[in-house]
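Residues in the sequence shown are numbered consecutively from 0, following numbering that gives the first Met the number 0. Built from N, CA and C at the ideal position, the CB exists for glycine as well. Taking it in order: structure first as C-alpha coordinates, then the write-up.
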Amino acid sequence: MSDPIIDREEVSSLDRDATIPEVESSSEIEGHGSLDRKDDRVSSENEGRLHKRRSEYNPGTEYSNFPGGGNGERSIGKLCVSRTEIGRGSNGTIVVEGSYEGRAVAVKRMVLGHHEIAYNEIRNLMESDKHPNIVRYYGMEQNDDFMFLALEHAVCSLDDLIQAYSDSPINSFNNPALVGYKKKLDSIRVRMQDVELWRADGHPSPLLLNLMRGVVLGLVHLHNLRLIHRDLRPQNVLITENRSLVSSLVAQLSDMGITKCLPEDKFSLESPATGCGSLGWQAPEQLLHEHQTRAMDMFNLGLVLFFCITRGRHPFGKLLERSINIENNKKDLFWVEFIPEAHDLISRLLEWDYKLRPKASEVLCHPFFWNSEMRLSFFRDTSDRIQLEAERAPNSDLLNELESKAPLVFGKNWDDKIEPIFLANILKSNRRCNCSHLRDLLQVVRNKRSHYIEIPEEVQELLGPVPEDCYNYFTKRFPRLLIESYGVVSQFCKEEEGFRKYFDSNAFCT
(Lines of atoms letter the chains of each structure in order from A; the text may use other names.)
(Lines give C-alpha, C1' and ligand atoms only; values in the text may rest on other atoms or scores of the structure.)
Protein backbone atom coordinates (compact mmCIF):
# COMPACT_ATOMS: atom_id res chain seq x y z
CA MET A 0 0.00 0.00 0.00
CA SER A 1 1.20 3.49 -0.75
CA ASP A 2 1.84 5.96 2.02
CA PRO A 3 -0.39 9.03 2.01
CA ILE A 4 1.44 11.88 0.29
CA ILE A 5 4.84 10.66 1.52
CA ASP A 6 7.80 9.76 -0.67
CA ARG A 7 11.20 9.74 0.99
CA GLU A 8 12.84 8.51 -2.23
CA GLU A 9 12.04 11.70 -4.10
CA VAL A 10 13.77 13.99 -1.61
CA SER A 11 17.50 13.71 -2.17
CA SER A 12 18.65 16.93 -0.53
CA LEU A 13 17.29 16.23 2.97
CA ASP A 14 17.80 13.56 5.60
CA ARG A 15 16.69 10.26 4.07
CA ASP A 16 14.76 9.43 7.23
CA ALA A 17 12.78 12.67 7.22
CA THR A 18 9.07 12.49 6.47
CA ILE A 19 8.41 14.72 3.50
CA PRO A 20 5.11 15.28 1.68
CA GLU A 21 5.01 13.93 -1.81
CA VAL A 22 5.56 16.38 -4.62
CA GLU A 23 4.49 15.44 -8.11
CA SER A 24 5.06 18.82 -9.71
CA SER A 25 6.89 21.56 -7.92
CA SER A 26 5.94 24.05 -10.59
CA GLU A 27 2.31 23.41 -9.81
CA ILE A 28 2.19 24.30 -6.12
CA GLU A 29 -0.06 27.26 -6.59
CA GLY A 30 -2.40 25.35 -8.88
CA HIS A 31 -2.41 27.71 -11.87
CA GLY A 32 -1.45 25.20 -14.52
CA SER A 33 1.41 22.88 -15.23
CA LEU A 34 3.84 25.44 -16.47
CA ASP A 35 6.44 23.03 -17.81
CA ARG A 36 5.88 19.32 -18.16
CA LYS A 37 9.52 18.47 -18.74
CA ASP A 38 10.19 18.66 -15.01
CA ASP A 39 7.66 15.93 -14.33
CA ARG A 40 8.76 13.22 -16.73
CA VAL A 41 10.51 10.06 -15.68
CA SER A 42 13.98 11.25 -14.81
CA SER A 43 16.19 10.47 -11.85
CA GLU A 44 17.52 14.01 -11.80
CA ASN A 45 14.02 15.23 -10.94
CA GLU A 46 14.43 13.61 -7.56
CA GLY A 47 16.66 16.32 -6.18
CA ARG A 48 14.96 19.13 -8.08
CA LEU A 49 11.54 18.44 -6.59
CA HIS A 50 12.54 19.45 -3.09
CA LYS A 51 14.54 22.42 -4.34
CA ARG A 52 11.63 23.80 -6.37
CA ARG A 53 9.09 23.48 -3.58
CA SER A 54 11.51 25.05 -1.10
CA GLU A 55 11.77 28.05 -3.44
CA TYR A 56 8.03 28.56 -3.40
CA ASN A 57 6.85 31.34 -1.12
CA PRO A 58 3.34 32.51 -1.97
CA GLY A 59 2.64 36.19 -1.82
CA THR A 60 6.26 37.24 -2.27
CA GLU A 61 7.55 39.61 -4.93
CA TYR A 62 9.75 38.40 -7.76
CA SER A 63 12.81 40.38 -8.72
CA ASN A 64 12.91 39.84 -12.47
CA PHE A 65 9.71 41.76 -13.15
CA PRO A 66 9.79 43.04 -16.75
CA GLY A 67 10.97 46.60 -16.74
CA GLY A 68 11.88 46.51 -13.05
CA GLY A 69 10.55 49.08 -10.62
CA ASN A 70 7.98 48.78 -7.88
CA GLY A 71 4.23 48.29 -7.78
CA GLU A 72 2.22 47.29 -10.84
CA ARG A 73 2.77 47.59 -14.55
CA SER A 74 0.19 48.00 -17.29
CA ILE A 75 0.53 45.94 -20.46
CA GLY A 76 -2.38 46.64 -22.75
CA LYS A 77 -5.57 45.75 -20.88
CA LEU A 78 -3.58 43.91 -18.23
CA CYS A 79 -2.37 45.30 -14.95
CA VAL A 80 0.38 42.99 -13.70
CA SER A 81 1.45 43.06 -10.05
CA ARG A 82 4.69 41.95 -8.49
CA THR A 83 2.94 39.44 -6.20
CA GLU A 84 3.95 35.98 -7.31
CA ILE A 85 1.52 33.09 -7.08
CA GLY A 86 3.90 30.48 -8.45
CA ARG A 87 6.51 29.72 -11.08
CA GLY A 88 7.59 27.08 -13.54
CA SER A 89 10.53 26.37 -15.79
CA ASN A 90 11.75 28.35 -18.80
CA GLY A 91 10.90 31.67 -17.16
CA THR A 92 7.19 31.03 -16.67
CA ILE A 93 5.71 32.89 -13.70
CA VAL A 94 2.12 33.28 -12.43
CA VAL A 95 1.33 36.53 -10.63
CA GLU A 96 -1.63 38.44 -9.29
CA GLY A 97 -3.12 40.94 -11.70
CA SER A 98 -6.23 42.44 -13.20
CA TYR A 99 -7.74 42.50 -16.67
CA GLU A 100 -10.14 45.31 -17.47
CA GLY A 101 -10.60 45.77 -13.73
CA ARG A 102 -11.26 42.08 -13.01
CA ALA A 103 -8.94 40.20 -10.63
CA VAL A 104 -7.09 37.52 -12.59
CA ALA A 105 -4.13 35.21 -12.47
CA VAL A 106 -1.53 36.34 -15.00
CA LYS A 107 0.50 33.57 -16.57
CA ARG A 108 3.70 35.08 -17.97
CA MET A 109 5.41 32.88 -20.56
CA VAL A 110 8.65 33.46 -22.42
CA LEU A 111 7.87 34.45 -25.98
CA GLY A 112 10.06 31.64 -27.27
CA HIS A 113 7.40 29.18 -26.05
CA HIS A 114 4.60 30.90 -27.93
CA GLU A 115 3.37 27.68 -29.58
CA ILE A 116 2.34 26.21 -26.22
CA ALA A 117 0.78 29.51 -25.21
CA TYR A 118 -1.22 29.85 -28.43
CA ASN A 119 -2.36 26.23 -28.17
CA GLU A 120 -3.58 26.87 -24.64
CA ILE A 121 -5.43 30.00 -25.77
CA ARG A 122 -7.11 28.17 -28.67
CA ASN A 123 -8.26 25.35 -26.42
CA LEU A 124 -9.48 27.68 -23.69
CA MET A 125 -11.44 29.75 -26.19
CA GLU A 126 -12.92 26.59 -27.71
CA SER A 127 -14.10 25.30 -24.33
CA ASP A 128 -14.84 28.68 -22.72
CA LYS A 129 -17.94 29.57 -20.72
CA HIS A 130 -18.32 26.16 -19.15
CA PRO A 131 -18.44 26.38 -15.34
CA ASN A 132 -15.92 23.56 -14.95
CA ILE A 133 -13.30 24.93 -17.35
CA VAL A 134 -11.06 27.79 -16.20
CA ARG A 135 -12.00 31.06 -17.88
CA TYR A 136 -9.65 32.75 -20.32
CA TYR A 137 -10.08 36.54 -20.48
CA GLY A 138 -7.39 37.74 -22.82
CA MET A 139 -3.74 37.92 -23.81
CA GLU A 140 -1.16 40.66 -24.06
CA GLN A 141 2.48 40.54 -25.04
CA ASN A 142 5.60 42.66 -25.20
CA ASP A 143 8.98 42.09 -26.78
CA ASP A 144 9.90 39.28 -24.38
CA PHE A 145 6.79 37.70 -22.87
CA MET A 146 3.22 36.60 -23.44
CA PHE A 147 0.75 37.32 -20.63
CA LEU A 148 -2.38 35.16 -20.32
CA ALA A 149 -5.21 36.51 -18.16
CA LEU A 150 -6.95 33.55 -16.52
CA GLU A 151 -9.70 33.19 -13.96
CA HIS A 152 -8.33 33.67 -10.47
CA ALA A 153 -8.50 30.56 -8.30
CA VAL A 154 -8.35 30.06 -4.56
CA CYS A 155 -6.03 27.07 -4.90
CA SER A 156 -5.62 23.80 -6.77
CA LEU A 157 -7.38 20.55 -5.93
CA ASP A 158 -3.99 19.25 -4.83
CA ASP A 159 -3.60 22.17 -2.40
CA LEU A 160 -7.10 21.65 -1.03
CA ILE A 161 -6.65 17.94 -0.37
CA GLN A 162 -3.21 18.52 1.16
CA ALA A 163 -4.54 21.28 3.42
CA TYR A 164 -7.34 19.18 4.88
CA SER A 165 -5.74 15.73 4.88
CA ASP A 166 -3.55 14.25 7.60
CA SER A 167 -0.49 15.05 5.49
CA PRO A 168 2.71 15.37 7.56
CA ILE A 169 3.36 18.70 5.89
CA ASN A 170 0.77 20.26 8.19
CA SER A 171 3.04 19.63 11.19
CA PHE A 172 6.42 19.53 9.45
CA ASN A 173 8.87 22.22 10.57
CA ASN A 174 11.60 22.04 7.93
CA PRO A 175 12.46 25.63 6.93
CA ALA A 176 12.55 24.65 3.25
CA LEU A 177 8.79 24.04 3.30
CA VAL A 178 7.73 27.13 5.25
CA GLY A 179 6.37 28.87 2.15
CA TYR A 180 4.20 25.97 1.08
CA LYS A 181 3.00 25.36 4.62
CA LYS A 182 1.90 29.00 4.78
CA LYS A 183 -0.06 28.40 1.59
CA LEU A 184 -1.92 25.47 3.16
CA ASP A 185 -2.50 27.42 6.38
CA SER A 186 -4.03 30.29 4.41
CA ILE A 187 -6.38 27.87 2.64
CA ARG A 188 -7.62 26.49 5.97
CA VAL A 189 -8.14 29.99 7.36
CA ARG A 190 -10.08 31.10 4.28
CA MET A 191 -12.24 27.96 4.21
CA GLN A 192 -12.92 27.37 7.88
CA ASP A 193 -16.29 25.69 7.30
CA VAL A 194 -15.07 23.33 4.58
CA GLU A 195 -15.58 19.62 5.23
CA LEU A 196 -14.15 17.23 2.65
CA TRP A 197 -14.75 13.89 4.37
CA ARG A 198 -17.48 12.59 6.64
CA ALA A 199 -16.70 10.99 9.98
CA ASP A 200 -16.97 7.54 8.37
CA GLY A 201 -14.31 8.41 5.78
CA HIS A 202 -16.71 8.82 2.86
CA PRO A 203 -16.36 11.98 0.77
CA SER A 204 -18.58 14.84 1.91
CA PRO A 205 -21.26 16.31 -0.39
CA LEU A 206 -18.84 19.16 -1.14
CA LEU A 207 -16.02 16.85 -2.20
CA LEU A 208 -18.44 14.73 -4.24
CA ASN A 209 -19.56 17.88 -6.01
CA LEU A 210 -15.96 18.89 -6.74
CA MET A 211 -15.19 15.44 -8.16
CA ARG A 212 -18.36 15.57 -10.21
CA GLY A 213 -17.25 18.97 -11.50
CA VAL A 214 -14.05 17.40 -12.81
CA VAL A 215 -16.14 14.83 -14.68
CA LEU A 216 -18.44 17.52 -16.10
CA GLY A 217 -15.40 19.42 -17.33
CA LEU A 218 -14.12 16.29 -19.07
CA VAL A 219 -17.52 15.63 -20.63
CA HIS A 220 -17.43 19.13 -22.09
CA LEU A 221 -13.89 18.75 -23.45
CA HIS A 222 -14.59 15.33 -24.92
CA ASN A 223 -17.78 16.56 -26.58
CA LEU A 224 -15.57 19.15 -28.28
CA ARG A 225 -13.21 16.32 -29.35
CA LEU A 226 -10.50 17.68 -27.04
CA ILE A 227 -8.16 15.38 -25.08
CA HIS A 228 -6.69 17.10 -22.03
CA ARG A 229 -3.64 14.78 -21.81
CA ASP A 230 -2.42 16.02 -18.42
CA LEU A 231 -5.29 15.70 -15.95
CA ARG A 232 -4.12 15.58 -12.33
CA PRO A 233 -4.95 17.33 -9.03
CA GLN A 234 -2.49 20.16 -9.71
CA ASN A 235 -4.31 20.99 -12.95
CA VAL A 236 -7.74 21.25 -11.35
CA LEU A 237 -8.36 24.71 -9.93
CA ILE A 238 -10.74 25.52 -7.09
CA THR A 239 -12.67 28.76 -7.53
CA GLU A 240 -15.40 30.39 -5.49
CA ASN A 241 -18.92 31.11 -6.68
CA ARG A 242 -21.05 32.60 -3.92
CA SER A 243 -24.21 32.27 -6.02
CA LEU A 244 -24.11 28.48 -5.74
CA VAL A 245 -25.22 26.34 -2.82
CA SER A 246 -21.75 24.80 -2.90
CA SER A 247 -19.57 27.88 -3.30
CA LEU A 248 -16.45 25.94 -4.35
CA VAL A 249 -16.18 24.91 -8.00
CA ALA A 250 -13.65 22.57 -9.65
CA GLN A 251 -12.29 23.78 -12.99
CA LEU A 252 -9.97 22.04 -15.43
CA SER A 253 -6.93 24.10 -16.34
CA ASP A 254 -3.59 23.85 -18.15
CA MET A 255 -4.69 23.32 -21.73
CA GLY A 256 -1.23 23.88 -23.22
CA ILE A 257 -0.82 20.30 -24.47
CA THR A 258 -4.50 19.56 -25.01
CA LYS A 259 -5.12 18.14 -28.50
CA CYS A 260 -8.18 18.10 -30.72
CA LEU A 261 -9.22 14.87 -32.41
CA PRO A 262 -9.60 15.07 -36.20
CA GLU A 263 -13.14 14.77 -37.52
CA ASP A 264 -14.34 11.16 -37.78
CA LYS A 265 -11.28 9.95 -35.84
CA PHE A 266 -11.20 8.37 -32.40
CA SER A 267 -7.47 8.78 -31.82
CA LEU A 268 -4.74 11.25 -32.66
CA GLU A 269 -2.64 10.32 -35.65
CA SER A 270 0.62 10.58 -33.71
CA PRO A 271 1.45 8.19 -30.84
CA ALA A 272 1.59 9.46 -27.26
CA THR A 273 5.04 10.94 -26.71
CA GLY A 274 6.14 13.79 -24.49
CA CYS A 275 2.80 14.38 -22.80
CA GLY A 276 1.55 13.88 -19.29
CA SER A 277 3.30 14.01 -15.93
CA LEU A 278 5.27 11.51 -13.91
CA GLY A 279 2.86 9.13 -12.18
CA TRP A 280 -0.16 10.55 -14.00
CA GLN A 281 0.13 8.84 -17.38
CA ALA A 282 -2.07 6.11 -18.80
CA PRO A 283 -0.39 2.88 -19.95
CA GLU A 284 -0.79 3.84 -23.61
CA GLN A 285 1.02 7.13 -22.93
CA LEU A 286 3.94 5.30 -21.35
CA LEU A 287 4.01 2.78 -24.20
CA HIS A 288 3.72 5.50 -26.89
CA GLU A 289 0.53 4.11 -28.35
CA HIS A 290 -2.38 5.94 -29.96
CA GLN A 291 -3.94 8.77 -27.99
CA THR A 292 -7.68 8.68 -27.28
CA ARG A 293 -10.10 10.25 -24.82
CA ALA A 294 -9.60 7.13 -22.71
CA MET A 295 -6.24 8.51 -21.56
CA ASP A 296 -8.12 11.21 -19.67
CA MET A 297 -10.41 8.59 -18.15
CA PHE A 298 -7.44 6.73 -16.68
CA ASN A 299 -6.23 9.97 -15.14
CA LEU A 300 -9.71 10.66 -13.84
CA GLY A 301 -9.53 7.38 -11.92
CA LEU A 302 -6.26 8.54 -10.36
CA VAL A 303 -7.76 11.91 -9.42
CA LEU A 304 -10.85 10.35 -7.82
CA PHE A 305 -8.67 7.94 -5.85
CA PHE A 306 -6.49 10.86 -4.74
CA CYS A 307 -9.52 12.80 -3.48
CA ILE A 308 -11.24 9.97 -1.66
CA THR A 309 -8.08 8.70 0.05
CA ARG A 310 -6.76 12.13 1.16
CA GLY A 311 -3.89 12.23 -1.28
CA ARG A 312 -2.87 8.63 -1.91
CA HIS A 313 -1.98 7.13 -5.27
CA PRO A 314 -3.09 3.63 -6.38
CA PHE A 315 0.23 2.87 -8.10
CA GLY A 316 2.53 3.53 -5.17
CA LYS A 317 5.30 6.03 -4.61
CA LEU A 318 6.34 8.61 -7.16
CA LEU A 319 9.31 6.90 -8.77
CA GLU A 320 7.57 3.49 -8.79
CA ARG A 321 4.39 4.60 -10.51
CA SER A 322 5.32 4.48 -14.17
CA ILE A 323 6.57 0.90 -14.03
CA ASN A 324 3.59 -0.11 -11.87
CA ILE A 325 1.18 1.46 -14.37
CA GLU A 326 2.86 -0.34 -17.27
CA ASN A 327 2.56 -3.64 -15.36
CA ASN A 328 -0.99 -2.96 -14.14
CA LYS A 329 0.19 -3.25 -10.54
CA LYS A 330 -2.32 -1.19 -8.57
CA ASP A 331 -3.56 -1.25 -4.98
CA LEU A 332 -7.15 -0.13 -4.43
CA PHE A 333 -7.29 -1.18 -0.77
CA TRP A 334 -7.98 2.37 0.42
CA VAL A 335 -11.30 2.60 -1.46
CA GLU A 336 -12.59 -0.91 -0.79
CA PHE A 337 -14.75 0.37 2.08
CA ILE A 338 -16.78 2.32 -0.52
CA PRO A 339 -17.88 -0.35 -3.03
CA GLU A 340 -19.27 2.20 -5.51
CA ALA A 341 -15.96 4.09 -5.56
CA HIS A 342 -13.99 0.86 -5.88
CA ASP A 343 -16.14 -0.26 -8.80
CA LEU A 344 -15.87 3.05 -10.65
CA ILE A 345 -12.14 3.52 -10.11
CA SER A 346 -11.46 -0.10 -11.12
CA ARG A 347 -13.22 0.54 -14.41
CA LEU A 348 -11.40 3.81 -15.01
CA LEU A 349 -8.00 2.23 -14.32
CA GLU A 350 -8.47 -0.65 -16.74
CA TRP A 351 -5.17 -1.33 -18.49
CA ASP A 352 -7.01 -1.88 -21.77
CA TYR A 353 -8.26 1.58 -22.74
CA LYS A 354 -11.19 0.09 -24.69
CA LEU A 355 -12.72 -1.15 -21.42
CA ARG A 356 -12.76 2.23 -19.66
CA PRO A 357 -16.08 4.08 -19.41
CA LYS A 358 -16.68 7.37 -21.19
CA ALA A 359 -16.85 10.59 -19.20
CA SER A 360 -20.61 10.81 -19.78
CA GLU A 361 -21.04 7.27 -18.44
CA VAL A 362 -19.10 8.13 -15.29
CA LEU A 363 -21.69 10.80 -14.46
CA CYS A 364 -24.36 8.07 -14.33
CA HIS A 365 -22.41 5.84 -11.97
CA PRO A 366 -24.02 5.16 -8.54
CA PHE A 367 -20.96 6.66 -6.84
CA PHE A 368 -22.40 10.08 -7.68
CA TRP A 369 -26.02 9.31 -6.77
CA ASN A 370 -27.54 10.94 -3.71
CA SER A 371 -29.46 8.97 -1.09
CA GLU A 372 -32.86 9.71 -2.62
CA MET A 373 -31.80 8.36 -6.00
CA ARG A 374 -30.28 5.27 -4.44
CA LEU A 375 -33.49 4.48 -2.58
CA SER A 376 -35.44 5.15 -5.76
CA PHE A 377 -33.23 2.65 -7.58
CA PHE A 378 -33.90 0.01 -4.90
CA ARG A 379 -37.64 0.61 -5.27
CA ASP A 380 -37.61 0.26 -9.05
CA THR A 381 -35.31 -2.75 -8.93
CA SER A 382 -37.48 -4.51 -6.36
CA ASP A 383 -40.62 -3.88 -8.41
CA ARG A 384 -38.93 -5.23 -11.53
CA ILE A 385 -37.62 -8.31 -9.72
CA GLN A 386 -41.01 -9.11 -8.20
CA LEU A 387 -42.58 -8.90 -11.64
CA GLU A 388 -39.89 -11.22 -13.00
CA ALA A 389 -40.46 -13.71 -10.17
CA GLU A 390 -44.15 -13.93 -11.05
CA ARG A 391 -43.71 -14.52 -14.76
CA ALA A 392 -40.35 -16.32 -15.00
CA PRO A 393 -39.22 -17.76 -11.63
CA ASN A 394 -36.08 -19.35 -13.11
CA SER A 395 -35.01 -16.54 -15.41
CA ASP A 396 -31.40 -15.51 -15.94
CA LEU A 397 -32.16 -12.17 -14.30
CA LEU A 398 -33.31 -13.78 -11.04
CA ASN A 399 -30.53 -16.34 -11.01
CA GLU A 400 -27.91 -13.67 -11.59
CA LEU A 401 -29.34 -11.50 -8.82
CA GLU A 402 -29.39 -14.33 -6.29
CA SER A 403 -25.83 -15.30 -7.22
CA LYS A 404 -24.80 -11.97 -5.66
CA ALA A 405 -26.40 -12.77 -2.30
CA PRO A 406 -23.20 -14.19 -0.70
CA LEU A 407 -21.36 -10.97 -1.60
CA VAL A 408 -24.08 -8.81 -0.06
CA PHE A 409 -24.89 -10.61 3.20
CA GLY A 410 -23.41 -14.10 3.31
CA LYS A 411 -25.93 -16.88 4.04
CA ASN A 412 -28.78 -14.85 5.53
CA TRP A 413 -29.49 -11.17 6.05
CA ASP A 414 -31.72 -11.41 9.13
CA ASP A 415 -28.75 -11.68 11.52
CA LYS A 416 -27.76 -8.14 10.52
CA ILE A 417 -31.15 -6.68 11.42
CA GLU A 418 -32.22 -5.68 14.95
CA PRO A 419 -34.89 -7.99 16.46
CA ILE A 420 -37.47 -5.20 16.73
CA PHE A 421 -37.07 -4.38 13.05
CA LEU A 422 -37.02 -8.03 11.98
CA ALA A 423 -40.25 -8.65 13.88
CA ASN A 424 -41.87 -5.77 12.02
CA ILE A 425 -40.64 -7.17 8.68
CA LEU A 426 -41.96 -10.67 9.34
CA LYS A 427 -45.26 -9.34 10.65
CA SER A 428 -45.96 -7.58 7.36
CA ASN A 429 -44.60 -10.43 5.20
CA ARG A 430 -44.54 -13.87 6.76
CA ARG A 431 -43.29 -15.44 3.53
CA CYS A 432 -40.14 -13.34 3.58
CA ASN A 433 -37.08 -15.51 2.87
CA CYS A 434 -34.01 -14.14 4.65
CA SER A 435 -31.65 -15.99 2.34
CA HIS A 436 -32.95 -14.28 -0.80
CA LEU A 437 -31.50 -11.03 -2.08
CA ARG A 438 -34.76 -10.09 -3.76
CA ASP A 439 -36.54 -10.22 -0.40
CA LEU A 440 -33.98 -7.87 1.13
CA LEU A 441 -34.56 -5.44 -1.75
CA GLN A 442 -38.29 -5.66 -1.10
CA VAL A 443 -37.72 -4.78 2.56
CA VAL A 444 -35.78 -1.65 1.61
CA ARG A 445 -38.41 -0.75 -0.97
CA ASN A 446 -41.35 -1.18 1.41
CA LYS A 447 -39.82 0.69 4.34
CA ARG A 448 -38.99 3.65 2.10
CA SER A 449 -42.36 3.69 0.34
CA HIS A 450 -44.42 3.16 3.51
CA TYR A 451 -42.20 4.98 5.97
CA ILE A 452 -45.03 6.87 7.68
CA GLU A 453 -46.80 3.57 8.39
CA ILE A 454 -43.81 2.08 10.22
CA PRO A 455 -44.03 1.93 14.04
CA GLU A 456 -42.33 4.84 15.76
CA GLU A 457 -39.65 2.69 17.38
CA VAL A 458 -38.63 1.33 13.96
CA GLN A 459 -38.60 4.83 12.48
CA GLU A 460 -36.21 5.88 15.23
CA LEU A 461 -34.01 2.92 14.35
CA LEU A 462 -33.95 3.72 10.64
CA GLY A 463 -33.72 7.48 11.03
CA PRO A 464 -35.24 10.11 8.73
CA VAL A 465 -35.51 9.59 4.99
CA PRO A 466 -33.71 9.67 2.72
CA GLU A 467 -30.20 10.12 4.16
CA ASP A 468 -30.35 8.24 7.47
CA CYS A 469 -32.70 5.58 6.15
CA TYR A 470 -30.35 4.80 3.28
CA ASN A 471 -27.32 4.83 5.60
CA TYR A 472 -29.01 2.29 7.87
CA PHE A 473 -29.14 -0.28 5.09
CA THR A 474 -25.81 0.51 3.44
CA LYS A 475 -23.92 0.19 6.74
CA ARG A 476 -25.29 -3.32 7.14
CA PHE A 477 -25.14 -4.27 3.47
CA PRO A 478 -22.37 -2.17 1.85
CA ARG A 479 -22.48 -4.06 -1.45
CA LEU A 480 -26.25 -4.06 -1.89
CA LEU A 481 -26.28 -1.09 -4.25
CA ILE A 482 -23.33 -1.93 -6.47
CA GLU A 483 -24.28 -5.61 -6.88
CA SER A 484 -27.89 -4.75 -7.69
CA TYR A 485 -26.70 -2.07 -10.10
CA GLY A 486 -24.45 -4.54 -11.88
CA VAL A 487 -27.32 -6.95 -12.46
CA VAL A 488 -29.71 -4.24 -13.61
CA SER A 489 -27.12 -2.77 -15.99
CA GLN A 490 -26.65 -6.22 -17.49
CA PHE A 491 -30.32 -7.08 -17.98
CA CYS A 492 -32.53 -4.00 -17.69
CA LYS A 493 -30.68 -0.79 -18.58
CA GLU A 494 -32.55 -0.35 -21.88
CA GLU A 495 -35.95 -0.71 -20.25
CA GLU A 496 -38.04 2.45 -19.91
CA GLY A 497 -38.20 2.24 -16.12
CA PHE A 498 -34.40 2.26 -15.77
CA ARG A 499 -33.26 4.66 -18.47
CA LYS A 500 -33.10 7.56 -16.02
CA TYR A 501 -30.30 5.75 -14.18
CA PHE A 502 -28.21 5.32 -17.32
CA ASP A 503 -29.04 8.41 -19.41
CA SER A 504 -26.05 10.74 -19.22
CA ASN A 505 -28.11 13.70 -20.43
CA ALA A 506 -30.02 13.65 -17.16
CA PHE A 507 -26.78 13.99 -15.19
CA CYS A 508 -25.06 16.75 -17.19
CA THR A 509 -26.65 19.69 -15.37
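- For His365, the CB contacts under 6 Å within the same chain, skipping 5 residues up- and downstream, are Leu344 in chain order.
- Excluding five sequence positions before and after Arg347, the CB atoms of its chain that fall closer than 7 Å to its own CB belong to Arg356 and Pro357, given in chain order.
- Below 8 Å, too few C-beta pairs join the region 303-317 and the region 438-456 to call them touching: fewer than three.
- Here the alpha carbon of Val335 sits roughly 28 Å from the alpha carbon of Glu418.
- Taking all protein chains shown into account, Lys354 has fewer than 16 neighbouring C-beta atoms within 10 Å of its C-beta and is therefore exposed.
- From the listed residues Ser371, Leu481, Ala359 and Asn235, the smallest Cα separation to His220 is found for Ala359.
- Excluding its 5 nearest sequence neighbours in each direction, Lys404 has C-beta neighbours in its own chain below 7 Å: Leu437, Glu483 and Val487, listed in chain order.
- The Cβ atoms of Arg232 and Asn299 lie closer than 8 Å to each other.
- In the three-state DSSP reduction, Arg232 falls in the coil class, being neither helix nor strand.
- Phe147 carries a strand assignment under DSSP once its states are collapsed to helix, strand and coil.
- The DSSP assignment places complete alpha helix (DSSP H) segments of no fewer than 4 residues inside the region 274-352 at 283-286, 294-308, 321-326 and 339-348, in order along the chain.
- Judged by DSSP secondary structure, Tyr485 falls within the alpha helix (DSSP H) whose first and last residues are Leu480 to Phe491.
- Between Ile85 and Glu100, the C-beta gap is not smaller than 8 Å, which leaves the two residues out of contact.
- Only residues of its own chain outside the window of five on either side were considered, and among them Phe378, Thr381, Ser382, Ile385 and Ser484 have a CB closer than 7 Å to the CB of Leu441, listed in chain order.
- Residue pairing from DSSP places Tyr136 in a beta bridge opposite Leu150.
- Selection Leu398, Gln459, Asp439 and Arg431 evaluated against Phe421 yields Gln459 as nearest (Cα-Cα).
- For Gly97, there is no enclosing alpha helix (DSSP H); the enclosing beta strand (DSSP E) covers residues Ile93 to Tyr99.
- In the three-state reduction of the DSSP assignment, Met191 falls in the coil class, being assigned neither a helical nor a strand state.
- The shortest CA-to-CA distance from Ser247 to any of Asn209, Asp230, Gln281 and Gly217 is the one to Asn209.
- Proximity of the region 102-111 to the region 138-151 meets the contact definition, three or more beta-carbon pairs being nearer than 8 Å.
- Excluding sequence positions up to five before and after Asn412, its CB lies within less than 8 Å of the CB of Cys434 and Ser435, all in the same chain and listed in chain order.
- Contact between the region 193-200 and the region 116-125 is absent, with fewer than three C-beta pairs closer than 8 Å.
- Val249 and Leu160 have their C-alpha atoms roughly 12 Å apart.
- The beta carbons of Leu349 and Lys329 sit no closer together than 8 Å.
- Ile454 is the residue among Phe409, Leu407 and Ile454 whose C-alpha sits nearest the C-alpha of Lys427.
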